[in-house]
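One structure is given here, and the rest of the page talks about it.
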Amino acid sequence: MAALPSLMWTMVTRSQPAAPRSLRAAIVLVAVLAAALAAAVPARAGTISGQLQAAVDGGSMTAQERSETLAAYRALGKMRGSDWQVMRATVRRLASRDRLQALALSVHSSLTVAARRGDAPVGTRDRARGSAIVVQRMAGSGWWFHPLASAGQLNALAQDRKTSVATLTEAATQLMRLGVPGSRGTRFEYLFAWYGAGPGWISSMPQATLASALARVSERAKDPAWVDKALAAAEPLHWAPPSGTSVPGAGGVDPLLYPQKRQYLVANAEIWSLIGMDELARISQDGRTGRLADRIASRVLRIMPGWADPDRAGWTLYAQGAQAAGEGAASTSYHQLTVQGLRRLCRSREGAWCTWAERFGRDVPASISAAPGRGPALSGAQ
């Protein structure tokens, strides 16, 4: 298409004087329209370099970040191991589907850490220098941006009064740059395949955790604009998959850890998603958020007995539901995370939450502190 304007111009300049003036004018008009059309088509659309350049042109990444991403992509091609080929293939696939532009910064954070850390053990978490973005080494797929770990870190910063407002808002701004805005909220996407979902899936727990963290940023910074960002992060919990992360259940709503597995109800994910929505509702005073939190609470209490481990009194199962059959008890870290969530809900919602916190918390010391995305890295996606 780019060659068409020059060809048309040659036809015009070489036209004989006898040619009708109207014909020559028509040819010029076609040339101008062709040039405009060529300019409207993104350079190298569907390619990695072209998609990253489009991100630079759109202001969503800097030229330096583009250069670092391309350098890291090339470096991975020289490293041995299937993980790095999986990462490169994922980036190529995102580019071919015109998704790389929207996810450019997520890919940047993932690739730059991968090129620097290489073969660190699976489950290792790290950040790019000066970055608030947490990436994790995943089994078989390399290093990728971890939305829950990043949200958990921001939440911890927001609750630490020693963190300056400037540091807090800078961390929140960095994290927001990785969000993908849409008609149903801002998505913070996982770019490794998991449980049958390809790159680009989202999860209730990180979305809710980030929403509560952003609401706390608003509180600390005394800036209501962060509440709007928090509500956008929570928006997917109002919708069913694939655009959302929640499904209706008897008595309320299930916020899913893995929307690709609708009959896989994870205890700590539902509990901590509720905590995130409660916190957002408290700070934002948004009635819609409060109503959703109440529906989640109603559902969680209704199905709480299903998370009781039948083989060990006072212990929880990791998940319940048809797709969780045979999985067994939660690990110590996941059980502690569930108990800490129940204790939080006992303080805020009281009633039956205290009963369940006591029942499952007998083997969990009060000094144990756990929060989603914090603490030791886990081998699973979350």
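Take the sequence shown: its position 303, counted from the start at 1, is 336 in our numbering, and no numbers get skipped. C-beta: ideal position from N, C-alpha, C; glycine also.
Given this structure, state the Cα-to-Cα distance separating residue i from residue j, to the nearest angstrom.
i, j, result
"ARG290", "LEU298", "Note that residue 290 is Leu in the sequence shown here, rather than Arg. Those two C-alpha atoms are separated by around 7 Å."
"PHE393", "TRP348", "6 Å"
"LYS294", "ALA96", "39 Å"
"GLY211", "GLU222", "Looking at the sequence shown, residue 211 is not Gly but Leu. Computed Cα separation, rounded: 9 Å."
"GLU303", "TYR351", "11 Å"
"GLY156", "TRP117", "16 Å"
"ALA68", "THR145", "Residue placement at ALA68 is flagged as unreliable, the pLDDT there being 39, under the threshold of 50; a coordinate-derived value is accordingly withheld."
"LEU139", "GLY175", "In the sequence on display, residue 139 carries Ser and not Leu. Those two C-alpha atoms are separated by around 14 Å."
"ILE329", "ILE401", "25 Å"
"THR322", "PRO232", "28 Å"
"SER164", "GLY282", "39 Å"
"ALA230", "ASP342", "28 Å"
"PRO398", "MET94", "45 Å"
"VAL333", "ALA87", "44 Å"
"ILE316", "ILE308", "12 Å"
"GLY166", "GLY277", "Residue 166 is actually Ile in this sequence, not Gly. When rounded, the distance between both Cα atoms is 23 Å."
"TYR228", "ALA385", "33 Å"
"ALA71", "GLY361", "Confidence at ALA71 is low in this model, with a pLDDT of 35, below 50, so its placement is unreliable and no value can be given for it."
"VAL89", "ARG253", "31 Å"
"ALA189", "SER251", "14 Å"
"MET171", "ARG149", "15 Å"
"SER381", "GLN356", "31 Å"
"THR43", "SER216", "At THR43 the pLDDT is 30, less than 50, meaning the model places this residue with poor confidence and gives no usable figure here."
"TYR2", "ALA161", "What the structure shows of the chain is the stretch from 34 to 415, and residue 2 is not part of that stretch, so it cannot be assessed."
"ALA346", "ALA390", "13 Å"
"LYS255", "LYS195", "16 Å"
"PRO288", "ARG324", "14 Å"
Just confirm the distance between the C-beta atoms of residue i and residue j, as a whole number of angstroms; I'd bet it's less than 8 Å.
i, j, result
"LEU313", "ALA267", "6 Å"
"LEU270", "ALA241", "6 Å"
"ARG249", "GLN192", "7 Å"
"LEU133", "LEU181", "Not confirmed; about 23 Å, so no contact."
"SER129", "LEU103", "No, SER129 and LEU103 are not in contact; Cβ-Cβ is about 17 Å, not under 8 Å."
"ALA300", "ALA358", "Actually they do not touch by this definition, with Cβ atoms about 15 Å apart."
"LEU247", "TRP259", "5 Å"
"SER279", "SER237", "6 Å"
"VAL275", "PRO292", "According to the sequence as given, residue 275 is Pro; it is not Val. About 7 Å; that satisfies the 8 Å criterion."
Which residue marks the beginning of the alpha helix (DSSP H) containing residue i, and which one marks its end?
i, result
"PHE221", "Run containing PHE221: none; DSSP gives neither H nor E here."
"ASP327", "320 to 336"
"MET310", "300 to 317"
"ASP90", "81 to 90"
"ASP116", "115 to 129"
"SER366", "365 to 381"
"VAL198", "198 to 209"
"SER245", "237 to 254"
"VAL397", "Careful: VAL397 lies outside any alpha helix (DSSP H) and carries neither H nor E."
Taking C-alpha atoms, which residue in the options lies nearest to residue i?
i, options, result
"MET310", "TRP227, LEU378, GLY361", "LEU378"
"ARG121", "LEU224, SER93, THR196, GLY92", "LEU224"
"GLN353", "GLN296, ARG160, SER317, THR80", "GLN296"
"THR371", "GLY384, ASP396, GLY359", "ASP396"
"GLY173", "GLY151, GLN192, ALA182, SER183", "GLY151"
"PRO214", "ALA363, ILE235, SER115", "ILE235"
"VAL119", "LEU375, TYR367, TRP177, ALA205", "TRP177"
"THR80", "GLU101, GLY92, VAL124, GLU203", "VAL124"
"TYR106", "GLY91, ASP131, SER142, SER129", "SER142"
"PRO286", "ALA326, GLN318, SER276", "Residue identity differs from the one stated: residue 286 is Val in this sequence, not Pro. The shortest Cα separation from VAL286 among ALA326, GLN318, SER276 belongs to ALA326."
"GLN186", "ALA87, PRO239, LYS262", "PRO239"
"ALA376", "SER366, TYR367, THR388", "Note that residue 376 is Arg in the sequence shown, not Ala. Out of SER366, TYR367, THR388, THR388 has the C-alpha closest to the C-alpha of ARG376."
"ALA226", "ASP344, LEU127, LEU247, THR365", "LEU127"
"SER183", "MET171, ARG194, ALA204, LYS195", "ALA204"
"GLY284", "PRO257, MET337, ASP261", "MET337"
"THR206", "LYS262, PRO288, ARG194", "LYS262"
"PRO405", "VAL280, HIS179, PRO257, GLY91", "HIS179"
"GLU101", "ALA135, SER115, ALA147", "ALA147"
"SER306", "SER245, GLY91, ASP159, ARG194", "SER245"
Return the first residue and the last residue of the beta strand (DSSP E) that residue i is part of.
i, result
"ASP159", "158 to 160"
"VAL167", "167 to 171"
"TRP176", "175 to 178"
"VAL155", "No beta strand (DSSP E) contains VAL155, which DSSP labels as neither H nor E."
"VAL280", "279 to 282"
"VAL260", "Premise fails: VAL260 lies in the alpha helix (DSSP H), 258 to 267, not in any beta strand (DSSP E)."
"VAL286", "285 to 288"
"PRO214", "213 to 215"
Is the beta carbon of residue i within less than 7 Å of some heavy atom of the ligand GTP?
i, result
"LEU208", "Although the ligand GTP was asked about, the structure shown includes no ligands whatsoever."
Subject >> Given 8 Å, three or more beta-carbon pairs between the segment 187 to 205 and the segment 109 to 127 >> reply: Inter-segment contact for the segment 187 to 205 and the segment 109 to 127 is absent: fewer than three beta-carbon pairs are separated by less than 8 Å.
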